[in-house]
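Numbering (this note's numbering), first residue to last: 25 to 391.
All C-beta atoms, glycine included, are put in the ideal place defined by N, C-alpha and C.
Notes to accompany the following structure.
Structural data, given as structure tokens:
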């Protein structure tokens, strides 16, 4: 029996861009990337990210009108989930509780925090519901994953949950298996790298932005005592140190570029330093995959590689040489987060999944 037709507007705000798309069921009818210049964003400098709501909303609505879409055409609007409290995977209704959490920004200011508020603004005028799907704060860890080694600090789960979950479920569909029946390692390789272990339909452990492999602009795990000395050396402020590990770490720190293509060009030109740093990144990713294989007791049905770096044959070839002995490796290059957002809402509209509310779920996450 064919599915009913649902038209969904999906919105993914970034720091200097707003991506959005219109889907008729799974088929994209319109995909746009709106770039925001330094001049446009200058008036918001130093202010809460949510103050950009009207600016971003008006740009999206103007593009929709130009393309011939009316607000009444949409059955739902979905935004990228932001830095919310820990919650389980799923599709969440945007409500007052979520808006208040985003306003308080207890876990930080980030452009993704705009996803829910912009989606709700448009959805309210359209007379439909607004949703977010698998925010970065999805937390399904087992208890042992939370213990850091110091009673002063608990490990905290943040990862590329949206793309990670979407790819895992896509693989399960392709194999005609239930996602909940598979034991997988999903490796998201973009500006940051998330390596996650999936069991019984849950991400039971993963590295976060504070540990694991270094990437394009993130340092990953660092020698702790040396880091402490650097922090108290008087050479850097706290803000500057934050930038050294998240924004100017990884490739940026060693090679002065965040661009993988530029790194590969240097390698091809005989740059030994670039080759060494590249190899070290692959080495660290492979070690993290091995760690997640241990979390799954060595029983791994598949390793899925996804994210922008997976477009690189060099990355894939080098990484496979380390990990193919663990399990079959499947490739899902890129990160189609707009599609993943639309798919999450479709599951709700088709009654395949119940929508969740932040208020009822956030308090009971820890296992």
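- The criterion of a C-beta distance shorter than 8 Å is satisfied by residue 327 and residue 313.
- The alpha carbon of residue 35 has as its nearest neighbour, out of 196, 254, 154 and 192, the alpha carbon of 154.
- Within the same chain, Cβ atoms closer than 6 Å to the Cβ of residue 104 are found at 36, 136 and 139, the five residues on either side in sequence being excluded.
- For residue 79, the enclosing alpha helix (DSSP H) begins and ends at 77–90.
- The alpha carbon of residue 316 has as its nearest neighbour, out of 209, 80, 257 and 296, the alpha carbon of 209.
- Residue 91 is positioned such that its CB atom lies closer than 8 Å to that of residue 54.
- The secondary-structure analysis by DSSP pairs residue 153 across a beta bridge with 100.
- Between residue 229 and residue 169 a beta carbon distance of about 4 Å is seen, short of the 8 Å cut, so the two are scored as contacting.
- Around the beta-carbon of residue 237, 16 or more other beta-carbon atoms lie within 10 Å, marking it buried.
- Burial state of residue 256 is exposed, judged by a 10 Å Cβ sphere holding fewer than 16 other Cβ atoms.
- Contact check for residue 72 and residue 143: beta-carbon distance about 18 Å, past the 8 Å limit, so the pair fails to qualify.
- The shortest C-alpha to C-alpha distance from residue 196 to any of 295, 115 and 354 is the one to 354.
- Contact between residue 288 and residue 338 holds: CB atoms are separated by about 6 Å, below the 8 Å threshold.
- For the options 133, 32, 109 and 68, the alpha carbon positioned closest to that of residue 88 is the one of 32.
- As the crow flies, the alpha-carbon of residue 273 is around 7 Å from that of residue 240.
- DSSP places residue 130 in the coil class of the three-state scheme, outside both helix and strand.
- Only residues of its own chain outside the window of five on either side were considered, and among them 98, 99, 100 and 101 have a CB closer than 8 Å to the CB of residue 152, listed in chain order.
- Collapsing the DSSP output to three states places residue 45 in a strand.
- Our two residues, residue 39 and residue 56, have alpha carbons roughly 16 Å apart in a direct line.
- Ranked by Cα distance from residue 223, the first of 186, 215, 232 and 204 is 204.
- DSSP places residue 342 inside the alpha helix (DSSP H), whose first and last residues are 337–347.
- Scanning its chain for C-beta atoms nearer than 6 Å, with the 5 sequence neighbours on each side dropped, one finds around residue 131 the residues 107, in chain order.
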